[in-house]
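K.L.:
Here it is in structure tokens:
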């Protein structure tokens with residue numbers, strides 16, 4: 001008989017020489033769920049006909065937190081400033097399958113910081129000369145003090161410790177503390193240090209001083225100094241493209257999971273139906289998942305207590321569609337960061353610069369997309385957030401009273417960013433280990449709750465690698481070895497195959 005001999009996960013001692021159908025349920029159709037679905041279908045195409053997989057999605061279309069919305073006036077909005085770069089050859093090849101080459105453009109990241117009424121290249125710490133002189137002195141004094149004390153520092157316990165030990169008092173007070181609170185909606189002393197990796201640019205003090213003396217702009221830092229972006233349809237076009245190439249019969253939209261009984265290996269749904277499973281890949285937030293799973297060794301009281309310990313921020317995406325041409329200042333920018341308190345947003349993307357077709361009349365219109373973080377530590381008045389963003393754009397001189405705004409878009413994402421809170425790793429490991437005893441694998445941006453592997457490439461590969469672990473027992477590199485993964489680029493490795 002062709003194909004593998006599967007041993008059912010609920011009967012690991014079975015040695016019957018028969019092929020047993022493996023039923024995998026994938027919860028969610030964002031990048032992680034679609035990555036899992038793609039890999040599962042690859043396996044089926046390779047001759048493993050005894051694998052059955054399905055995707056259940058509570059929304060009416062795929063894409064999850066990476067989808068694109070078209071507003072009533074025809075402007076496109078990603079739900080967050082998504083850019084595409086890759087640590088994996090598999091992911092890169094998957095992008096090439098999702099959209100043909102002529103549908104991609106390569107963009108240079110032009111990231112800037114707006115503060116003290118001027119534009120400063122990102123990262124700020126490499127471009128201090130654009131600050132007022134007194135702040136330049138304070139920042140350099142702090143950096144030199146850090147250099148003198150570096151060998152005496154204890155290992156940082158929190159993100160705040162790390163910031164102070166890396167940048168000194170001047171830079172922290174000028175930028176690091178106010179900006180990081182705006183973006184995370186969480187005080188840095190409540191955040192851990194394990195998440196950072198390549199996410200935060202460190203400092204070469206000699207270079208910083210040289211840049212100040214020479215008044216030299218030094219930008220382009222980071223893994224996404226260039227990125228690819230779809231010419232049509234926003235980021236969501238990628239995920240719609242992949243979905244359209246998978247069998248539609250395996251997808252079930254407007255269907256949410258209400259409970260999972262691990263003793264019966266049964267999932268119950270919001271429509272009153274239920275079904276058995278052999279393994280689950282869940283991309284729902286981990287704190288929600290642990291509350292609907294019944295029959296583990298964790299009591300309901302313990303589960304509720306653990307679920308309450310998770311920290312995250314919600315995101316408000318506020319878009320403005322505008323007639324005319326962007327001002328000269330913004331014509332080459334991709335996005336700007338805003339650390340000051342004269343505006344509610346931490347980042348504004350010139351979204352029409354990502355793709356000309358992001359506006360209904362290219363060349364005659366442009367668009368701005370603002371991102372605002374919300375949490376218990378940083379509340380936001382929902383009914384006033386659009387007006388506050390518009391006033392913030394005026395306060396920061398991005399627009400003025402003559403700007404002709406023809407579209408105002410707003411969406412709130414309850415789960416925007418998974419906060420790397422202190423105690424996160426131990427908590428997530430304990431819950432995930434317990435769930436995996438019952439063949440439930442929590443993966444993806446909020447499934448793993450690890451911001452350092454929460455990009456679209458990471459999320460896809462978490463789904464791919466989870467399928468391989470379930471079926472073949474292979475190790476999951478992304479979730480187990482994030483530091484190694486994030487040092488890689490997409491030049492080597494296996495390729496995705498068409499399904």
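In full-length UniProt numbering, the protein residues as written are 1 to 499.
Every residue gets a Cβ at the ideal spot worked out from N, C-alpha and C, and that includes glycine.
(1) I need the DSSP call for residue 538, collapsed to helix, strand or coil.
(2) Excluding the five sequence neighbours on either side, which residues of its own chain have a C-beta within less than 6 Å of the C-beta of residue 35, listed in chain order?
(3) For residue 429, count the other beta carbons within 10 Å of its own beta carbon; 16 or more makes it buried, fewer makes it exposed. Which is it?
(4) Go ahead and label residue 382 buried or exposed: buried means 16 or more other beta carbons lie within 10 angstroms of its beta carbon, across all protein chains shown.
(5) From the DSSP output, in three-state form, read off residue 51 for me.
(6) Looking at the secondary structure, which residues open and close the beta strand (DSSP E) in which residue 92 lies?
(7) Between which two residues does the beta strand (DSSP E) holding residue 395 run?
(8) Go through its chain and collect everything with a Cβ distance to residue 405's Cβ below 6 Å, but skip five positions before and after it.
(9) In terms of residues, what are the limits of the alpha helix (DSSP H) holding residue 416?
(10) Distance check for residue 452 and residue 484, CA to CA, integer angstroms please.
(11) Between residue 249 and residue 27, what straight-line distance do the alpha-carbon atoms span, to the nearest angstrom?
(12) If you reduce the DSSP assignment to three classes, tell me which class residue 40 lands in.
(13) Cβ of residue 32 within 8 Å of Cβ of residue 444?
(14) By a C-beta neighbour count over all protein chains shown, 10 Å radius and 16 as the cutoff for buried, is residue 177 buried or exposed?
(15) Which value, in whole angstroms, describes the spacing of the CA atoms of residue 212 and residue 326?
(16) At which residues does the beta strand (DSSP E) containing residue 178 begin and terminate?
(17) Could you compute how far the alpha carbon of residue 263 sits from the alpha carbon of residue 142?
(18) Would you mind giving the Cβ-Cβ distance between residue 500 and residue 338, rounded to the nearest angstrom? I have them listed as a contact below 8 Å.
(19) For residue 355, count the other beta carbons within 10 Å of its own beta carbon; 16 or more makes it buried, fewer makes it exposed. Which is it?
(20) Can you give me the C-alpha to C-alpha distance between residue 8 and residue 277, rounded to a whole angstrom?
(21) Counting only runs of 4+ residues fully inside the segment 232–304, write out the alpha helix (DSSP H) ranges in chain order.
(22) Output needed for residue 438: all residues of its chain with C-beta closer than 7 Å, excluding positions within five of it in sequence on either side, in chain order.
(23) Between which residues of its own chain and residue 185 is the CB-CB distance below 7 Å, once the five residues before and five after are set aside?
(24) Would a C-beta distance cut-off of 8 Å place residue 88 and residue 493 closer than the cut-off?
(25) Between residue 215 and the rest of its own chain, which residues show a CB-CB distance below 8 Å, the 5 nearest in sequence each way excluded?
(26) Which same chain residues end up closer than 7 Å to residue 500 when comparing Cβ atoms and leaving out the 5 residues on each side of it in sequence?
(27) Excluding five sequence neighbours on each side, which residues of the same chain lie with their C-beta closer than 6 Å to the C-beta of residue 343?
(28) Taking the alpha carbon of residue 208 as the reference point, which residue from 127, 480, 60, 46 has its own alpha carbon closest?
(29) Taking only the alpha-carbon atoms, compute the straight-line gap between residue 46 and residue 389 and give it to the nearest angstrom.
P.N.:
Taking the definition as stated:
(1) Outside the displayed span of the chain (1 to 499) sits residue 538, for which this structure offers no information.
(2) 460, 463, 464
(3) exposed
(4) exposed
(5) strand
(6) Residue 92 -> not in any beta strand (DSSP E); alpha helix (DSSP H) instead, spanning 89–98.
(7) Unbroken run through residue 395 is the alpha helix (DSSP H), 385–395; no beta strand (DSSP E).
(8) 320, 322
(9) Here residue 416 belongs to no alpha helix (DSSP H); instead the beta strand (DSSP E) covers 405–418.
(10) Distance between the alpha carbons of residue 484 and residue 452 is about 12 Å.
(11) 15 Å
(12) helix
(13) In this structure, residue 32 sits near residue 444, with a CB-CB distance shorter than 8 Å.
(14) buried
(15) When rounded, the distance between both Cα atoms is 30 Å.
(16) Counting along the chain, residue 178 falls outside any beta strand (DSSP E), though it belongs to the alpha helix (DSSP H) covering 177–184.
(17) Here the C-alpha atom of residue 263 lies approximately 58 Å from the C-alpha atom of residue 142.
(18) Lying before the first or after the last residue shown, residue 500 is absent from the chain, which here runs from 1 to 499.
(19) By the Cβ-count criterion, residue 355 is buried, with 16 or more other Cβ atoms from all chains shown falling within 10 Å of its own Cβ.
(20) Note that residue 8 scores a pLDDT of 44, beneath 50, so its modelled location is shaky; the value from the coordinates is reported in the next line. The straight-line gap from Cα to Cα measures roughly 10 Å.
(21) 236–244, 286–292
(22) So the qualifying residues of the chain are 262, 296.
(23) 313, 373, 374, 375, 377, 378
(24) yes
(25) Hits under 8 Å: 129.
(26) Given that the chain is displayed from residue 1 to residue 499, the structure contains no residue 500 and the question cannot be resolved.
(27) 392, 395, 396
(28) 127
(29) 51 Å
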